[in-house]
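In numbering that gives the first Met the number 0, the protein residues as written are 0 to 302.
All C-beta atoms in this analysis are idealised placements derived from N, C-alpha and C, irrespective of residue type, glycine included.
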Amino acid sequence: MRARLIGLVLALAAASAAPALAQDKGTLDAKPLPPLANPADPGLPAKEVFGRVMTPIEAKTRSIGYYWRGCLAGAKALPVDGESWQVVRLSRNRMWGNPAMIAFLERFSRKAKAEGVWNGILVGDISQPRGGPMLTGHASHQVGLDADVWLTPMPDRTLTREEREEMSAVNMVTEDGLSVDRSHWSEAQAGIIRAAAEEPQVDRVFVNAAIKKALCETHKGEPWMNRVRAYWGHNYHFHIRINCPAGDASCEPQEAIPPGDGCDKSLAWWFTEEALHPAPEKAKAPLTMAQLPPECRTVVLEK
Numbered sequence: 000m001r002a003r004l005i006g007l008v009l010a011l012a013a014a015s016a017a018p019a020l021a022q023d024k025g026t027l028d029a030k031p032l033p034p035l036a037n038p039a040d041p042g043l044p045a046k047e048v049f050g051r052v053m054t055p056i057e058a059k060t061r062s063i064g065y066y067w068r069g070c071l072a073g074a075k076a077l078p079v080d081g082e083s084w085q086v087v088r089l090s091r092n093r094m095w096g097n098p099a100m101i102a103f104l105e106r107f108s109r110k111a112k113a114e115g116v117w118n119g120i121l122v123g124d125i126s127q128p129r130g131g132p133m134l135t136g137h138a139s140h141q142v143g144l145d146a147d148v149w150l151t152p153m154p155d156r157t158l159t160r161e162e163r164e165e166m167s168a169v170n171m172v173t174e175d176g177l178s179v180d181r182s183h184w185s186e187a188q189a190g191i192i193r194a195a196a197e198e199p200q201v202d203r204v205f206v207n208a209a210i211k212k213a214l215c216e217t218h219k220g221e222p223w224m225n226r227v228r229a230y231w232g233h234n235y236h237f238h239i240r241i242n243c244p245a246g247d248a249s250c251e252p253q254e255a256i257p258p259g260d261g262c263d264k265s266l267a268w269w270f271t272e273e274a275l276h277p278a279p280e281k282a283k284a285p286l287t288m289a290q291l292p293p294e295c296r297t298v299v300l301e302k
């Protein structure tokens with residue numbers, strides 16, 4: 000399996016310039032990006048350097064820095080096919096993670112299947128082979144401790160390569176953003192989110208505000224709800240973030256979760272005009288190599 004995976008990722012290129020979301024298609028004909036003239040330039044956008052690296056660094060595993068300002072050494076790939084998971088959008092080459100995250104996804108998916116929650120999960124983006132900022136999509140997912148799981152269950156057959164690139168996740172939220180779409184949302188979706196949020200390693204599970212509201216209608220007050228938090232997007236998938244692994248001094252933990260189940264007035268803000276239709280923000284300059292932890296330069300430039 001490892002030989003097959005390495006052969007695959009060496010032939011893949013970084014994605015296009017469009018946002019990489021669960022509903023966006025991948026490609027069966029990826030083209031490699033041209034090499035950088037001076038990849039060691041500290042002023043380069045870090046995404047341009049990390050987005051060109053197709054394989055991990057063979058080193059002691061470390062999640063270096065913070066979830067949205069860091070990199071990853073000693074990454075492991077989630078196998079493309081498992082008994083209770085399948086990886087989609089292979090062309091993005093984002094099936095890499097801290098071994099703690101890979102072990103978590105395997106265990107969590109098996110638990111969900113064994114308990115009859117779902118047949119299995121479809122896993123989207125985890126991280127790049129050496130973490131770091133991505134050319135498209137996420138601001139986080141930089142240290143290998145974040146993973147996107149589709150809100151569409153895994154089918155009871157092995158997906159083809161074409162299906163993995165072109166099938167879409169299902170939108171669980173109505174067009175106005177005020178509620179879940181009851182033609183798609185069910186207690187099965189709530190069950191898979193719960194199965195993840197109950198795991199001790201999990202720090203946060205991010206979902207669309209309409210999904211959080213639906214969960215509050217049926218699961219308010221349950222302890223696992225504390226870890227499920229509303230955030231923009233996440234209407235096709237949910238985002239799992241696990242804690243820094245024990246003993247990894249390079250990893251910066253996230254701030255503590257606010258108390259309570261998140262079904263209070265803080266949730267109501269997500270349905271205000273300000274949240275539903277936020278004013279356009281001025282585009283931020285991408286992180287440069289110099290803005291990442293110094294160790295990340297060694298990680299990404301190692302041959």
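Proximity test, residue i beta-carbon vs the ligand MG heavy atom, cut-off 7 angstroms
i: Gly-115; result: What this structure holds is no ligand at all, so the ligand MG is not there to describe.
Terminal residues of the alpha helix (DSSP H) in which residue i lies
i: Leu-266; result: 264-267
i: Val-362; result: Since the first residue shown for the chain is 0 and the last is 302, residue 362 is missing from the structure and cannot be characterised.
i: Cys-215; result: 208-218
i: Ala-99; result: 98-113
i: Val-86; result: Where Val-86 is concerned, there is no enclosing alpha helix (DSSP H), although the beta strand (DSSP E) it sits in stretches over 84-86.
i: Ala-45; result: 45-49
Residue burial classification, residue i (beta-carbon count within 10 angstroms, cutoff 16)
i: Trp-117; result: buried
i: Gly-69; result: buried
i: Pro-293; result: exposed
i: Arg-61; result: buried
i: Ala-248; result: exposed
i: Asn-37; result: exposed
i: Lys-59; result: exposed
i: Met-171; result: buried
i: Leu-214; result: buried
i: Pro-34; result: exposed
i: Glu-82; result: exposed
i: Pro-55; result: buried
i: Trp-95; result: buried
i: Trp-268; result: exposed
Inter-residue Cα distance where the pair is residue i and residue j
i: Gly-304; j: Asp-202; result: Given that the chain is displayed from residue 0 to residue 302, the structure contains no residue 304 and the question cannot be resolved.
i: Pro-285; j: Gly-115; result: 43 angstroms
i: Ala-195; j: Glu-221; result: 14 angstroms
i: Ala-29; j: Arg-88; result: 12 angstroms
i: Trp-84; j: Leu-144; result: 18 angstroms
i: Asp-263; j: Gly-176; result: 18 angstroms
i: Pro-132; j: Gly-232; result: 19 angstroms
i: Ala-39; j: Val-48; result: 9 angstroms
i: Arg-226; j: Ile-256; result: 7 angstroms
i: Val-299; j: Arg-106; result: 29 angstroms
i: Glu-254; j: Tyr-66; result: 11 angstroms
i: Arg-93; j: Arg-109; result: 21 angstroms
i: Ala-289; j: Pro-41; result: 5 angstroms
i: Leu-291; j: Phe-270; result: 35 angstroms
i: Arg-129; j: Ala-282; result: 25 angstroms
i: Tyr-235; j: Ala-229; result: 14 angstroms
i: Ser-182; j: Ala-189; result: 14 angstroms
i: His-218; j: Trp-149; result: 21 angstroms
i: Arg-91; j: Gly-25; result: 7 angstroms
i: Ser-265; j: Ala-274; result: 12 angstroms
i: Leu-152; j: Glu-162; result: Note that residue 152 is Pro in the sequence shown here, rather than Leu. Rounded to whole angstroms, Pro-152 to Glu-162 spans 14 angstroms at the Cα level.
For residue i, the first and last residue of its enclosing beta strand (DSSP E)
i: Leu-121; result: 120-122
i: Gln-188; result: Careful: Gln-188 lies outside any beta strand (DSSP E), inside the alpha helix (DSSP H) at 186-196.
i: His-140; result: Looking at the DSSP string, His-140 is not in any beta strand (DSSP E), and its letter there is neither H nor E.
DSSP three-state assignment for residue i, whether helix, strand or coil
i: Gly-259; result: coil
i: Ala-274; result: helix
i: Ala-289; result: helix
i: Arg-160; result: helix
i: Trp-231; result: coil
i: Arg-240; result: strand
i: Arg-226; result: helix
Counterpart residues of residue i in DSSP-defined beta bridges
i: Glu-71; result: A quick correction: the sequence has Leu, not Glu, at residue 71. Its beta-bridge partners are Ser-62.
i: Met-94; result: Ser-126
i: Cys-250; result: Gly-64
i: Arg-203; result: Arg-240
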